[in-house]
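In what follows, a single structure is set out as structure tokens and then discussed.
Numbering (the working numbering), first residue to last: 43 to 379.
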């Protein structure tokens with residue numbers, strides 16, 4: 043790898059992928075949307091180019107002279123009103139980018155998919171792995187629908203057009219540089235600040251350090267160099283399957299505050315999400331804090347088995363204690379800035 047393009051380079055995962063690629067000694071071209079928040083790239087020796095997945099000509103230009111593509115960009119919004127944008131970016135944009143990569147004869151493509159394309163474990167006693175595929179018709183919301191469709195699109199191009207690609211599927215990464223923050227990051231932030239009054243009783247996630255996820259992208263690119271294409275790798279932590287209560291408790295402990303004790307039944311959480319999406323957020327014209335799709339996801343424990351990535355890629359496994367400490371410390375420091 044000599045020269046890499048990272049889409050979504052100023053986002054949470056993308057900014058860490060940029061740093062990992064630079065640490066590996068390669069040049070980085072960072073594709074960012076005009077007027078987007080670029081603080082995550084401040085001071086880095088990268089070539090900034092403006093464009094996005096909805097502008098096909100910007101993708102062609104951005105890929106000129108590139109040998110490795112990391113497609114980390116996505117419309118990550120669990121709310122119902124994000125449907126049209128999600129399809130335009132995550133599906134149509136991915137299709138345009140992959141075709142542009144084929145025309146540019148890029149050597150390696152690492153596409154960032156999502157555990158939404160795997161879906162929650164069908165057998166609650168066993169975490170899901172890469173063999174499982176989620177079904178679009180059962181997806182809880184537009185984000186999950188589009189991530190399933192877009193990953194299938196990449197695999198189809200591997201088969202039909204010899205696209206030199208693999209797909210990586212991060213579980214629930216946490217850590218520094220989560221500026222927005224992501225839904226998981228919001229959990230960590232609110233717990234660390236003592237601002238979370240309750241949690242959903244049945245929910246669970248696989249927590250992983252975001253730097254491990256970034257390194258997983260680089261290790262996946264090396265797999266392509268060895269001739270392994272069309273693979274999918276869950277990027278998570280072997281010990282990261284935690285209930286929401288455990289996640290909040292660990293985040294609160296990392297920040298030295300007391301965790302919330304109130305556990306909400308799923309029905310109560312669903313009603314709150316309906317009120318937020320259809321009334322509160324509409325009146326205030328803001329992103330809902332609680333989404334219907336998010337509560338639907340919480341009906342199942344999103345627990346996964348990252349064993350394949352650990353065995354075949356050598357995926358790093360930062361200790362969970364350090365993972366929570368790094369995430370909580372960053373949010374507390376960011377609040378103080």
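Ideal placement from N, C-alpha and C gives every residue a C-beta, glycine not left out.
Cβ neighbours of residue 263 within its own chain (closer than 7 Å, five residues either side excluded): 43, 110, 150, 152. Sequence-distant partners of residue 290 (beyond 5 residues in either direction) whose C-beta falls short of 7 Å from its own C-beta, in its chain, are 229, 233, 238, 241, 301, 302.
Residue 114: not part of any beta strand (DSSP E); DSSP gives it neither H nor E.
Counting only the Cα atoms, residue 214 lies some 9 Å from residue 227. Minimum Cα-Cα distance from residue 155 among the listed residues 365, 187, 82 corresponds to 187. By a beta-carbon distance limit of 8 Å, residue 60 does not contact residue 74. Their separation comes to about 10 Å. Residue nearest to residue 209 within the set 259, 56, 268, 366 is 259 (criterion: CA-CA distance). The C-beta distance from residue 190 to residue 158 rounds to 7 Å, short enough to meet the 8 Å contact threshold. Annotation for residue 299: 236 place their beta carbon closer than 6 Å to its own, counting only its chain and skipping 5 residues before and after.
With respect to the 9 Å criterion, residue 346 and residue 163 are classified as neighbours on the basis of their beta carbons. About 6 Å separates the beta carbons of residue 221 and residue 82, which is inside the 8 Å limit, making them a contact pair.
Under the three-state reduction of DSSP, residue 225 is assigned to helix. Secondary structure of residue 85 (DSSP, three-state): coil. Residue 246 carries a strand assignment under DSSP once its states are collapsed to helix, strand and coil.
A Cβ-Cβ separation of about 6 Å places residue 344 in contact with residue 246 under the 8 Å criterion.
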